[in-house]
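Chains as they are written, first to last, in this note's numbering: chain E, 1 to 357; chain W, 1 to 288; chain G, 1 to 282.
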Amino acid sequence: MYVAVKGGEQAIRNAHCLLAHKRRGNTARPELSVTQIREQMFLGVARVMCEGALHDAELAALALKQAAGDTVEAIFLLRAYRATLPRFCASRPLDTGAMRIERRISATYKDIPGGQQLGATFDYTHRLLDFALLAEQEAPKPPESAPARADACPHIMALLAREGLVGEERARAENEPPPDITREPLAFPASRAERLQILARGDEGFLLALGYSTQRGYGRNHPFAGEIRVGKVDVWLEAEELGFCVPIGEIEISECEMVNQFTGSREVPPQFTRGYGLAFGSAERKAMAMALVDRALLAREYGEEASAPAQREEFVLAHCDSVEASGFLSHLKLPHYVDFQSELGLVRKLRRDRSRR
Amino acid sequence: MANMSETPQPGYNFAYLDEGSKRMIRRGLLKAVAIPGFQVPFGGREMPLPYGWGTGGIQVTASLITPEDVLKVIDQGADDTTNAVSIRQFFERVAGIASTTRTREATIVQTRHRIPETPLEPGQIMVFQVPIPEPLRFIEPSETETATLHALSDYGVMHVKLYEDIVRHGHIATCYAYPVEVNGRYVMDPSPIPRFDNPRLHMSPALMLFGAGRERRLYALPPHTEVVSLDFEDYPFEIQRPEAACAICGSTESYLDELIVDDAGTRRHVCSDTDYCQARVKAREAAA
Amino acid sequence: MNVRLRDAQPGAASQLEVPARALSGEKARPLLQVDDVCRLFGPEQGCQEVSFTLYPGEVLGLVGESGSGKSTLLSTLSGRLPPDRGRVRYRDGADWLDLYAAGEGRRRALLRTQWGFVEQNPRDGLRMSVSAGANIGERLMAQGARHYGRLRQCALEWLRHVEIDAARIDDTPETFSGGMRQRLQIARNLVSGPRLVFMDEPTGGLDVSVQARILDLLRNLVREFDLSVILVTHDLAVARLLADRLMVMRRSRIVESGLTDQILDDPQHPYTQLLVSSILQV
Chain E
1 MYVAVKGGEQ
11 AIRNAHCLLA
21 HKRRGNTARP
31 ELSVTQIREQ
41 MFLGVARVMC
51 EGALHDAELA
61 ALALKQAAGD
71 TVEAIFLLRA
81 YRATLPRFCA
91 SRPLDTGAMR
101 IERRISATYK
111 DIPGGQQLGA
121 TFDYTHRLLD
131 FALLAEQEAP
141 KPPESAPARA
151 DACPHIMALL
161 AREGLVGEER
171 ARAENEPPPD
181 ITREPLAFPA
191 SRAERLQILA
201 RGDEGFLLAL
211 GYSTQRGYGR
221 NHPFAGEIRV
231 GKVDVWLEAE
241 ELGFCVPIGE
251 IEISECEMVN
261 QFTGSREVPP
271 QFTRGYGLAF
281 GSAERKAMAM
291 ALVDRALLAR
301 EYGEEASAPA
311 QREEFVLAHC
321 DSVEASGFLS
331 HLKLPHYVDF
341 QSELGLVRKL
351 RRDRSRR
Chain W
1 MANMSETPQP
11 GYNFAYLDEG
21 SKRMIRRGLL
31 KAVAIPGFQV
41 PFGGREMPLP
51 YGWGTGGIQV
61 TASLITPEDV
71 LKVIDQGADD
81 TTNAVSIRQF
91 FERVAGIAST
101 TRTREATIVQ
111 TRHRIPETPL
121 EPGQIMVFQV
131 PIPEPLRFIE
141 PSETETATLH
151 ALSDYGVMHV
161 KLYEDIVRHG
171 HIATCYAYPV
181 EVNGRYVMDP
191 SPIPRFDNPR
201 LHMSPALMLF
211 GAGRERRLYA
221 LPPHTEVVSL
231 DFEDYPFEIQ
241 RPEAACAICG
251 STESYLDELI
261 VDDAGTRRHV
271 CSDTDYCQAR
281 VKAREAAA
Chain G
1 MNVRLRDAQP
11 GAASQLEVPA
21 RALSGEKARP
31 LLQVDDVCRL
41 FGPEQGCQEV
51 SFTLYPGEVL
61 GLVGESGSGK
71 STLLSTLSGR
81 LPPDRGRVRY
91 RDGADWLDLY
101 AAGEGRRRAL
111 LRTQWGFVEQ
121 NPRDGLRMSV
131 SAGANIGERL
141 MAQGARHYGR
151 LRQCALEWLR
161 HVEIDAARID
171 DTPETFSGGM
181 RQRLQIARNL
191 VSGPRLVFMD
201 EPTGGLDVSV
211 QARILDLLRN
221 LVREFDLSVI
231 LVTHDLAVAR
241 LLADRLMVMR
251 RSRIVESGLT
261 DQILDDPQHP
271 YTQLLVSSIL
281 QV
């Protein structure tokens, strides 16, 4: 009897055992701790939290450890865990205007109220391998004088809006609950809130490539980085029985607002429009790419021709999730021999038919 | 109702999903049964198995299963393929239910790509894992457009594809996921079962449920539903007859897997339905 | 004489508004009734204040320069673009169907049975990757035709009507010339026996010699199958050859309408005069 594909229970057990063994590696070396990952690989942790759609640095670091550094696998682990959690309520909208800013830049104005603040960034580093990091070394010192904390940092977009230069966003009614793409099936056309939720969980590489494609002319929308801000914000809950809001903690987020051109239409005079990106942790590449794609997906609302890949809602939303995509890709590894058998039979029959002709 | 203390896997509800999610899925299934062949969107949850590996079927099973149920899981017709083993273990772990390989003993049969050879009986439930629920997907990629086509029963384009098959190959060359018309109304993808299995959908006494996890769709065939495989009057639907007999049980009626048994490419055929095959061998031994 | 068709009422049309043919019974009853249709994208962009009546067997030409609103009007008339205001009604037997008040199902059914639409670019109106036979058969299959042999017979008949070699039935339009594609698109539309066909610059992208053949074919098919046609063209020569009646559009409005010969030989509106003289000078 043919047994190779009928590996069964023992084969699965052995595979998992081998994986755990390889993950741990050489036991003569100290084991990587979850705390180390959380604190020293925090950008990787941020990505796992963001696309895993769960703000929990401890669990995201655990997922990265368990996945041996495979980001997509770690995101999947965190998502699967997230799906089992009860949902109590929705928080109040985050007030990013009240962010405790660590980094804030604008590419549209030389000077802005509250000032520009570089924060911790790879920008302007020369990408030279630092061989000193090969050896353990003395901890780098923090900068001598911490930059002065800007007091008021109004959103650049708010300044443009005050002049009527940027379109108003439709605010959700006070008692209208936000949609939840993890609970309700998506129907097309999707609302902007649903689109942003999907993009926020979307694969960074996919969004980066799509955003890039708009810059190269496939759905060009003339973006300027109006503002990028990274820092901590409070999360507030409205406790129904109390009748007032309480803060339940703070999270670090990256927010990007792109200023995009819009030529106006019959009803609307020329003005700027907004592409919006938001990500957990310090993740401005994700936030910027998301903002580009968000704006591209607004093409229909602004009556623009929507023909480029980044502008096609169904295409973008149906394919931007790495958990869905990697799952469906990996299912090709499952046995397909019943279907292949029927194709095999067909091809043989067709070849026979042809040779008879 | 099962409670947490009976749950074999600590920290998770009976059958993994929380009761609210199960209710949501069952509501979707009720709607699906009420409108045979119609794809019901549902708020699919992320499962701890990858999308594409049966998350739709697993959610359907999880929403229905009770501690009294007996579960059979097959992949490619076999109980001992790795993915079937993995899913069966999942339910043993999170629901502590009994499982079987015998089609007759099962109350729920979750399947990927096959319908068992042993005829199903009233009261049994088949749960199909579905990768792409939309039969029109590869003709019309837009969800908005396919939804409209279904709503208006505008299925001409489906026959365009079958017409092209005949033009190119002399007969309809779709060998699996062969589209069917359900109850004279909706065109449905029967999941990638070989078309050999299509006749088993028609007027089946068992309830047939289909779950697509990644695409978040449920659909159903209630017992005794008319299921017609699409065809032309002068090119009627027909199934591929096996070209050999099973090397183990000798069956000439069942769907066969082809095996290459040596370096010279020698081929042998065995039943894809392992339970059916073993039962025939046992019956023969008993008779001898 | 300048005939103002927007004043026309169903059943109360004056003799001048209809082609100079004997009117009797079915033919005397309007097929399409358009009342004050308006669809604007900007000031004078799109169409507005359009009213007219179309009779069975009549070919109505919509002429005007590009940007005058012809294509917008055609989309609105053909059920593809809801007007901001106004009504488009189609007579289906004894009933009048209000196009945009009817459900999408009814409208789509109409579009694929009693109506046809010939696109300027045949790529937009054909399935380029399926055979000519399937292209022709699609409408019939959508209506429930389930006999492969008869579908092929019908496809062969239509290939003959549009003068395409029967041997090409299993070839895809990708392998066809521009003129053949356009003829195939016409066959694909006419196979369901439509009463009303919309055409958007049907000879627009073709060489002059190919154009002549298509025009000749269209003229014969219109007569043979007694089609009503609404034809958008910027080419007055095409209009003269095919249309019984013309409506001249400029900056979203109909500025003049009447019998084709009348408009082309004795234009009243200054814009029409300019249009006609500019052609004649060429």
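We treat Cβ as the ideally placed atom computed from N, Cα and C, and that holds for glycine. Because the structure is a prediction, the values reported are computed rather than measured.
Open item on the list: When you compare the CB positions of E/E73 and E/A67, do they come within less than 7 angstroms of one another, or not?
Closed with: For the purposes of this step, residue 73 of chain E is taken as residue 73 along the first sequence, with counting starting at 1. For the purposes of this step, residue 67 of chain E is taken as residue 67 along the first sequence, with counting starting at 1. Yes, the Cβ-Cβ distance between E/E73 and E/A67 is below 7 angstroms.
TODO: Find the residues of chain E that neighbour W/N83, judging by a C-beta separation of less than 8 angstroms, and give them in chain order.
DONE: Within the second sequence, residue 83 of chain W is the residue found at index 83, counting from 1. Simply L334, P335.
- [ ] Provide the residue(s) that pair with E/V233 in DSSP beta bridges, ordered along the chain.
- [x] Residue mapping note: residue 233 of chain E aligns to position 233 of the first sequence, counting from 1. When beta bridges are read from the DSSP output, E/V233 appears opposite E/I251.
Task: chain W contact for E/H331 (CB, 7 angstroms cutoff) - done: Residue mapping note: residue 331 of chain E aligns to position 331 of the first sequence, counting from 1. Yes, E/H331 lies at the interface with chain W (some Cβ there is under 7 angstroms from its Cβ).
- [ ] Provide the residue span of the alpha helix (DSSP H) that contains W/I125, from first to last.
- [x] Mapped onto the second sequence, residue 125 of chain W falls at position 125. No alpha helix (DSSP H) holds W/I125; the beta strand (DSSP E) holding it covers 125 to 129.
TODO: Could you name the residues of the same chain whose beta carbon sits closer than 8 angstroms to that of W/Y176, not counting the 5 residues immediately before and after it, in chain order?
DONE: Locating residue 176 of chain W in the second sequence gives position 176, where the first residue counts as 1. Cβ neighbours of W/Y176 beyond the five flanking positions: H113, P192, I193, P194, R195.
Open item on the list: Please report the distance separating the alpha-carbon of W/K282 from that of W/A288.
Closed with: Translated into positions along the second sequence, residue 282 of chain W becomes position 282. Translated into positions along the second sequence, residue 288 of chain W becomes position 288. Rounded to whole angstroms, W/K282 to W/A288 spans 10 angstroms at the Cα level.
Open item on the list: Classify E/M258: buried if its beta carbon has 16 or more other beta carbons within 10 angstroms, exposed otherwise.
Closed with: Translated into the one-based positions of the first sequence, residue 258 of chain E becomes position 258. Residue environment analysis places E/M258 among the buried positions, since at least 16 neighbouring C-beta atoms fall within 10 angstroms of its C-beta.
TODO: From the DSSP output, in three-state form, read off G/S71 for me.
DONE: Translated into the one-based positions of the third sequence, residue 71 of chain G becomes position 71. Residue state, collapsed to three classes: helix.
Task: Near-chain E residues of the segment 41 to 55 of chain W (beta-carbon distance less than 9 angstroms), N- to C-terminal order - done: Shown in chain order are the members of the segment 41 to 55 of chain W whose Cβ falls below 9 angstroms from a Cβ of chain E: P41, F42, G43, G44, R45, E46, M47, P48, L49, P50, Y51, G52, W53, G54, T55.
Task: Residue from W/G52, W/S63, W/Q76 with nearest C-alpha to W/E258 - done: Residue numbering aside, residue 258 of chain W sits at position 258 when the second sequence is read from its first letter. Among W/G52, W/S63, W/Q76, the Cα nearest to that of W/E258 is on W/Q76.
Task: Pairwise C-alpha distance: G/E58 and G/G11 - done: The sequence position of residue 11 of chain G within the third sequence is 11, counting from 1. The sequence position of residue 58 of chain G within the third sequence is 58, counting from 1. The pLDDT assigned to G/G11 is 38, lower than 50, so where the model puts this residue is not dependable; a value taken from the coordinates is nonetheless given after this. Taking the straight line joining both Cα atoms gives about 16 angstroms.
- [ ] Could you list the residues in the segment 141 to 161 of chain W with a C-beta less than 9 angstroms from some C-beta on chain E, going in chain order?
- [x] Result list: P141, S142, E143, T144, A147.
TODO: State buried or exposed for E/H16, treating a residue as buried only when at least 16 other CB atoms are found within 10 Å of its CB.
DONE: Taking the first sequence and counting its residues from 1, one reaches residue 16 of chain E at position 16. Under this definition E/H16 is an exposed residue.
- [ ] Could you tell me whether the Cβ of W/C175 comes closer than 7 angstroms to any Cβ of chain E?
- [x] Residue 175 of chain W sits at position 175 when you count from the first residue of the second sequence. Between W/C175 and chain E, the shortest Cβ-Cβ separation is below 7 angstroms.
TODO: Could you confirm whether any beta carbon from chain W is found closer than 7 angstroms to the beta carbon of E/V347?
DONE: The residue labelled residue 347 of chain E in the question sits at position 347 within the first sequence. Interface criterion not met: the Cβ of E/V347 is under 7 angstroms from no Cβ in chain W.
- [ ] Assign E/K110 to buried or exposed, taking buried as 16 or more other Cβ atoms, counted over all protein chains shown, within 10 Å of its Cβ.
- [x] By 1-based counting over the first sequence, the position of residue 110 of chain E is 110. Exposed is the call here.
Open item on the list: Nearest by alpha-carbon distance to G/V50: which of G/R250, G/H269, G/I164 is it?
Closed with: Stepping through the third sequence from its first residue, residue 50 of chain G is reached at position 50. Ranking the options by Cα distance to G/V50, first place goes to G/R250.
Task: Through-space distance from G/Y55 to G/C38, alpha-carbon basis - done: Position 38 of the third sequence, counted from the start, is the residue given in the question as residue 38 of chain G. Position 55 of the third sequence, counted from the start, is the residue given in the question as residue 55 of chain G. When rounded, the distance between both Cα atoms is 22 angstroms.
- [ ] Closer than 8 angstroms by C-beta to E/R38: which residues in its own chain qualify, once you throw out the five before and the five after it? Chain order, please.
- [x] Against the first sequence, residue 38 of chain E aligns to sequence position 38. Excluding positions up to five away in sequence, the list reads V45, A57, E58, A60, A61.
Open item on the list: Going by DSSP, what residue range makes up the alpha helix (DSSP H) through E/E343?
Closed with: Here residue 343 of chain E is taken as the residue at index 343 of the first sequence, counted from 1. Segment 337 to 356, the alpha helix (DSSP H) holding E/E343.
Open item on the list: Can you look up G/L5 in the DSSP assignment and give me helix, strand or coil?
Closed with: By 1-based counting over the third sequence, the position of residue 5 of chain G is 5. Caution is warranted here: a pLDDT of 39 is assigned to G/L5, below 50, making its placement in the model unreliable, and no coordinate value can be reported.
Open item on the list: List, in chain order, every chain E residue whose beta-carbon is nearer than 8 angstroms to that of W/S86.
Closed with: For the purposes of this step, residue 86 of chain W is taken as residue 86 along the second sequence, with counting starting at 1. Within 8 angstroms Cβ-Cβ: I12.
Open item on the list: Can you check whether the C-beta of W/F210 is within less than 7 angstroms of a C-beta belonging to chain G?
Closed with: Residue numbering aside, residue 210 of chain W sits at position 210 when the second sequence is read from its first letter. Cβ-Cβ to chain G under 7 angstroms: no for W/F210.
- [ ] Starting from G/D165, find everything on chain W with Cβ-Cβ shorter than 7 angstroms and list it in chain order.
- [x] On the third sequence, position 165 is the one that residue 165 of chain G refers to. The premise fails here: G/D165 is roughly 16 angstroms from chain W at the closest Cβ pair, so nothing lies under 7 angstroms.
Task: E/D95, buried or exposed, once every other Cβ within 10 Å from all chains shown has been counted against 16 - done: Translated into the one-based positions of the first sequence, residue 95 of chain E becomes position 95. Counting Cβ neighbours within 10 Å, E/D95 comes out exposed, since fewer than 16 surround it.
Open item on the list: Going by DSSP in three states, G/T53 sits in which element: helix, strand or coil?
Closed with: Position 53 of the third sequence, counted from the start, is the residue given in the question as residue 53 of chain G. Of the three classes helix, strand and coil, the one that applies to G/T53 here is strand, per DSSP.
Task: Counterpart residues of W/E181 in DSSP-defined beta bridges - done: Counting from one through the second sequence, the residue named residue 181 of chain W turns up at place 181. In the DSSP assignment, the residues bridged to W/E181 are W/V187, W/V228.
Task: Chain-ordered chain W contacts of E/L344 [CB-CB under 7 angstroms] - done: As a working mapping, residue 344 of chain E is identified with position 344 in the first sequence. Residues of chain W passing the Cβ test: E258.
Open item on the list: Applying the 10 Å Cβ sphere with the 16-neighbour rule, what's the burial state of W/I260?
Closed with: For this step, residue 260 of chain W is matched to residue 260 along the second sequence. An exposed status is given to W/I260, since fewer than 16 other beta-carbon atoms sit within 10 Å of its beta-carbon.
- [ ] Measure from the C-beta of W/D165 to each C-beta in chain G and report whether the shortest distance is under 7 angstroms.
- [x] By one-based count along the second sequence, residue 165 of chain W stands at place 165. Not an interface residue.
Task: Distance, W/E134 Cα to G/L31 Cα - done: For the purposes of this step, residue 31 of chain G is taken as residue 31 along the third sequence, with counting starting at 1. For the purposes of this step, residue 134 of chain W is taken as residue 134 along the second sequence, with counting starting at 1. Roughly 39 angstroms separates the two Cα atoms.
TODO: Can you tell me which of W/V228, W/E215, W/I25, W/M208 puts its alpha carbon nearest to the alpha carbon of W/Y186?
DONE: Taking the second sequence and counting its residues from 1, the one referred to as residue 186 of chain W is at position 186. The shortest Cα separation from W/Y186 among W/V228, W/E215, W/I25, W/M208 belongs to W/V228.
Task: W/Q76 at chain E interface by Cβ criterion, 7 angstroms - done: If you number the second sequence from 1, residue 76 of chain W lands on position 76. Closer than 7 angstroms to some Cβ of chain E, the Cβ of W/Q76 qualifies, so yes.
TODO: Give the residues of chain G in contact with W/F232, contact being defined as C-beta atoms less than 7 angstroms apart.
DONE: For the purposes of this step, residue 232 of chain W is taken as the residue at position 232 of the second sequence. Within 7 angstroms Cβ-Cβ: R146, H147, Y148.
Open item on the list: Less than 7 angstroms between the beta carbons of G/N189 and G/V118, yes or no?
Closed with: Walking along the third sequence from the start, residue 189 of chain G turns up at place 189. Walking along the third sequence from the start, residue 118 of chain G turns up at place 118. In this structure, G/V118 lies closer than 7 angstroms to G/N189 by Cβ.
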